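This report concerns only the one structure given below.
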Amino acid sequence: MAQRPQPRHDPLPHEPHHHAPLHPEALPREPRRYEPRHRFAFELPARTQSVGRARRLVEERLILWGCAAGTRDTAALVISELATNAVLHTASSRIVCELRENATTLRISVRDEGGPAGPRIRDCGAEERGRGLLIVDALCAAWGAERTGHGTAQIVWAELSRGLGDPC
Numbered sequence: 001m002a003q004r005p006q007p008r009h010d011p012l013p014h015e016p017h018h019h020a021p022l023h024p025e026a027l028p029r030e031p032r033r034y035e036p037r038h039r040f041a042f043e044l045p046a047r048t049q050s051v052g053r054a055r056r057l058v059e060e061r062l063i064l065w066g067c068a069a070g071t072r073d074t075a076a077l078v079i080s081e082l083a084t085n086a087v088l089h090t091a092s093s094r095i096v097c098e099l100r101e102n103a104t105t106l107r108i109s110v111r112d113e114g115g116p117a118g119p120r121i122r123d124c125g126a127e128e129r130g131r132g133l134l135i136v137d138a139l140c141a142a143w144g145a146e147r148t149g150h151g152t153a154q155i156v157w158a159e160l161s162r163g164l165g166d167p168c
């Protein structure tokens, strides 16, 4: 039996709190070893209609940052999968999405208000649904989840690697 991929925990260090994020409690508490060139966060209701809005906001922001079309397409797919999971599998009334970009990595994250279990890759067989984290795992250099310290709320993040000097 093939082994299922697990979250690859090689996270980027996180931004210091003096940058005034949309929701400071959404940021993990680790020190940052680099400064992001760009950062963008937004909050949406935890409804299925919000997934398309999240995708559009990510695409628009990455265009403004001058990111290559391939990076934009991959990031749009990743935010769609992470936001869909937050909407369908948690008891959230809102989600907070965030992009952070530095010279080598684009980090995409979704903070939810929690649910009964953390994210997991599941064996979905022939089912039409359930492949979101498999897609994220295949597309990203690393991904994972961490509790925020506020009940069962969590941040699910994914990182896209890129070469030095590549446009976003």
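In full-length UniProt numbering, the protein residues as written are 1 to 168.
For each residue, glycine too, the CB sits at the ideal point set by N, CA and C.
This one's a predicted model, so the numbers in the text were calculated from it and none came from an experiment.
- Message: Would Val96 and Glu43 qualify as a contact pair, given that the criterion is a beta-carbon distance under 7 Å?
- Response: yes
- Query: From this set, Ala103, Ser109, Leu64, Trp65, which residue's C-alpha is nearest Asn85's C-alpha?
  - Reply: Ser109
- Query: Going by other Cβ atoms of all chains shown within 10 Å of its Cβ, with 16 needed for buried, is Arg61 buried or exposed?
  - Reply: buried
- Query: Just how far apart, CA to CA, sit Thr104 and Ala76?
  - Reply: 18 Å
- If you draw a straight line from the alpha carbon of Arg94 to that of Ala153, how long is it in whole angstroms? 11 Å
- Glu81: which of Arg39, Thr48, His38, Gly149 sits nearest, CA to CA? Thr48
- Message: Assuming the contact rule is C-beta atoms closer than 8 Å, Val78 and Val156 should be a hit. Round their C-beta distance to whole Å, please.
- Response: Not confirmed; about 10 Å, so no contact.
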